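A short write-up of the structure that comes next.
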Amino acid sequence: MIHFVGAGPGAPDLITLRGKKFLEEADVIIYAGSLVNPQLLDYAREGCQVHNSAEMTLEEVLAVMKEAEAAGLTTVRLHTGDPSLYGAIREQMDALEEAGISFDYCPGVSSFSGAAAALNLEYTLPDVSQSVVITRMAGRTPVPEKESIESFAAHHATMVIFLSTGMLQELSLRLIAGGYSADTPAAIVYKATWEDEKALVCTVGTLAETAARNNITKTALMIIGDAVSHSHYQRSELYNPAFATEFRPASRMPEDSGK
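At the far end of the sequence shown sits residue 259, using UniProt numbering, and the numbering has no gaps.
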């Protein structure tokens, strides 16, 4: 059996209970060494085979999986964050299906959630933004033309931009071309939830400058939009006394105290 497991954003105690159990029981672990906190390997039992996929090709990863399966061993494929985001898991799953090898998938906490925690941020503030766009700049992996930074920026929704730290000057220009102003609130979160985490608030126009000043060149994500500043938003109706729910009847609003 192959278990695809989300390692979480970095802190070793942010892996799920299920993911930790899989690690403790695994005979073989293949982990994304360039991104997964190596402290997570402390959960592995003695004698577990550990492979760093940063040094491997897809074919080499699959060969280890198939060899383990033939020997009746249990394998954990440990990906950073939640593997459904930029995890390159579908190509592995397709190859395993073709080989008749069983697998499942244990979700993890994504780094975009870890970044929100680093900033005490709510992405979906009423009357500010109720949508989150998760995207990236094109690099060695292209981005479909219909998913350009400019087209998403036109919506003025909250944007979370992965895998783009080395292109921040271009990112700023494209965000502005899409409709954001240069002074739109933004943030850079480096290694969210790791011990050396950095959470920096800036603007769309100062993304590159902020990263350079703090020696950030990789392993960061960018958050764009007014939700970063949370300077204005409407109160949620969910906990409004005048708003009835199936669990609570509506009641009169308290008198204005003058505050």
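Here a beta-carbon is modelled for each residue, glycine too, at the ideal position from N, C-alpha and C. In this text, all values refer to a predicted model and were calculated from it rather than measured experimentally.
Distance from the CA atom of GLY19 to the CA atom of TYR105, rounded to whole angstroms, is 9 Å. With fewer than 16 other beta carbons inside 10 angstroms of its own, HIS232 counts as exposed. By the neighbour-count criterion, in which 16 or more other beta carbons inside 10 Å mark a residue as buried, GLY81 falls on the buried side. Counted as a single uninterrupted DSSP element, the alpha helix (DSSP H) harbouring ASP94 occupies residues 90 to 99. Closest in C-alpha terms to ARG213, from the list LEU200, ALA154, GLY225, comes LEU200. Closest in C-alpha terms to THR135, from the list ALA118, PRO107, ALA157, comes ALA157.
Counting C-beta atoms within 10 angstroms of its own C-beta, ARG77 has 16 or more neighbours from the protein chains shown and is therefore classed as buried. Scanning the stretch 173 to 241 from its first residue to its last, the whole alpha helix (DSSP H) runs of 4-plus residues come out as 207 to 213. In the three-state reduction of the DSSP assignment, ASP104 falls in the strand class, which pools E and B.
Distance from the CA of GLN234 to the CA of GLN169, rounded to the nearest whole angstrom, comes to 33 Å.
Look at the beta carbons and you see the stretch 42 to 51 touching the stretch 14 to 28: at least three pairs across the two are nearer than 8 Å. In the same chain as ILE15, and ignoring 5 residues on each side of it, the C-beta atoms closer than 7 Å to its own belong to ALA7, GLY8, LEU40, GLY108, in chain order. By the 16-neighbour rule on beta-carbons within 10 angstroms, PRO83 is buried. Comparing alpha carbon positions, the residue from ASP13, PHE152, VAL160, ALA99 closest to VAL228 is VAL160.
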